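Comments concern the structure below.
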Amino acid sequence: YTQTRLSVLKPYQRTDTNAHDRNKQAELAQGVTASVLISSETGSNSLFTAIARLQPGSELPLHTHSISEVIVPLSDTLIATVENRRYRLGRLDALHAPATIAHGLKNAGDAEAACFVAFATGSPDREWVDGPGNVEERV
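Residues in the sequence shown are numbered consecutively from 2, following my numbering.
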């Protein structure tokens, strides 16, 4: 019998000595920002989570990651493109974007939309890719 030590990641607590500011939003594209919840900067090398916010009509262009991503919409107005297929996502649906597969998001609503994203690494990478050819609508 081997006892495993569990690590518990607590929500980030800002103090004056923290270099990382959880309230800071990174701009990913025009009208698209992300607020990091857990990352290598908060002490996790194996988990990255964030809340992405998309302004009305804004789009996160097609991109890939070297590791898979899970996207959970917190609103009903997001449209995802994955492997030349377009899907309308409902609130709390879960979308898995496999590693190296091009994917993107668009807010089709007239109010801000948000989603929770997670990666099995503390610092995910991103590579922008050219737009899709023919897209199959599955909306």
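Glycine included, C-beta positions come from ideal geometry on N, C-alpha and C. These numbers were taken from a predicted model, which means no experiment stands behind them.
Item: Quick check on this structure: which residue in GLN56, SER45, ALA81 has the alpha carbon closest to the alpha carbon of GLU137?; Value: ALA81
Item: If you draw a straight line from the C-alpha of ALA103 to the C-alpha of GLY132, how long is it?; Value: 9 angstroms
Item: Check GLU42 in the structure and name its three-state DSSP category.; Value: helix
Item: Which first and last residues belong to the beta strand (DSSP E) in which GLY105 is found?; Value: 104-108
Item: Please list, in chain order, all residues of the same chain as LYS107 whose beta carbon is under 6 angstroms from its beta carbon, the five residues on each side excluded.; Value: GLU60, ILE80
Item: For the region 25-39 and the region 69-76, state whether three or more C-beta atom pairs, one from each stretch, are separated by less than 8 angstroms.; Value: no
Item: How big is the Cα-Cα spacing for LEU93 and CYS116?; Value: 9 angstroms
Item: Which ranges would you report for the beta strand (DSSP E) in the region 45-77 if only whole runs of at least 3 residues count?; Value: 49-55, 60-65, 70-74
Item: For VAL37, which of helix, strand or coil comes out of DSSP?; Value: strand
Item: Rounded to whole angstroms, what's the CA-CA distance from GLN14 to LEU96? Just pull it up for me.; Value: Note on GLN14: pLDDT 47, under 50, position unreliable in the model; no value is reported.
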